Structure formats: C-alpha cells, structure tokens
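Residue numbers (the numbering used here): -3 to 151.
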C-alpha cells in the first residue's frame, strides 16, 4: 500500500473500528519507514518523517499496535531522523514505553482519550485531545504542545 496522508488516515480509522491483524499494521509501518528512507529530497523527506511520527504516536498512544514487535525498527527510525523534532518526541514516547510507564498508565494519562472520532486530526474533521503532540526542547527544557493539524499542515 502506498504511503500517503490519506492511507494513514484510513489505517488509523480502521484500527479504531475493527480488529486489524497485527501483521498488517506492522507491515504498513515498515513500509512507511522504508518510504521515508528512500526519499532523497531533504524537504520532502522531513515532511514524510514528521507525518509518520505523528501517525506512530497516535497508534502507540491509542494502543492500536503492539509496539514491542516493531520496537527496534521504530527506534532505529527515530535515531536516523533525530534531527526532526517529531522523531525525537516519538523516541521519548518509545523510551517511556520501554521503562514501563506505558504499561502502568492508561491512555488518558498520556494526553489521549478514547476520542469520538479516532482520527489523526489530519483530515477535514476537528481534532480532539488525542490529536495533540507534546515536544520538549532538550536544551531549554521548554515544553510545547501542538495539534496534529498544525504538525501535519506543514507536512
């Protein structure tokens, strides 16, 4: 399946409505990562990486995928694109998962809710609390929260 904003919206929506096989989700995520790595033009690559990171954060926070099965691949992706803020945020989310924070805390404590629409907030509908992405500037410690709409709007 070709990676695009629309396909990510479809996959995200499907995972909220029906039980999607883990194998499909993992193959789709691997495909997204691979396509990001193949783009040569830096501006386009960084747009795609940002979009994939927001998608992965949504999937992890809403517990729509078993991250343990693709943890190493996603972690390597984050390290490869660590210059991109959203990849650094995804890396921090992975680390909190690895340390057991995600296992003990429910999705609501991570800033997401069961949501009424389950979307990424990247389409034409209004986003909810689950459509927020938090980032922290490591040098100043300042914390920023942006909606996925604004993160993807630049994507």
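The C-beta atom is built at its ideal place from N, Cα and C for all residues, glycine as well. Predicted model, so just to flag it, every value in this text is computed and none were measured.
Alpha carbon of residue i to alpha carbon of residue j, nearest angstrom
i           : j          : result
residue 75  : residue 92 : 16 Å
residue 39  : residue 96 : 35 Å
residue 103 : residue 36 : Low local confidence applies: a pLDDT of 39 at residue 103 is under 50, so the model's placement there is unreliable, with the coordinate-based value given in what follows. Straight-line Cα distance between these residues: approximately 36 Å.
residue 49  : residue 59 : 15 Å
residue 77  : residue 20 : 24 Å
residue 12  : residue 42 : 27 Å
residue 62  : residue 52 : 11 Å
residue 79  : residue 73 : 11 Å
Distance between beta carbons of residue j and residue i, contact taken as under 8 Å
i          : j          : result
residue 84 : residue 45 : At roughly 11 Å, the Cβ-Cβ gap does not stay under 8 Å, so residue 84 and residue 45 are not in contact.
residue 69 : residue 29 : 6 Å
Residue i - DSSP class collapsed to helix/strand/coil
i           : result
residue -1  : coil
residue 96  : coil
residue 60  : coil
residue 30  : helix
residue 75  : helix
residue 82  : helix
residue 36  : coil
residue 153 : Nothing can be reported for residue 153, as the shown portion of the chain is limited to -3 through 151.
Endpoints, the alpha helix (DSSP H) within which residue i is located
i          : result
residue 66 : Taken as a continuous stretch (DSSP letters only), residue 66 belongs to no alpha helix (DSSP H), as it is neither H nor E.
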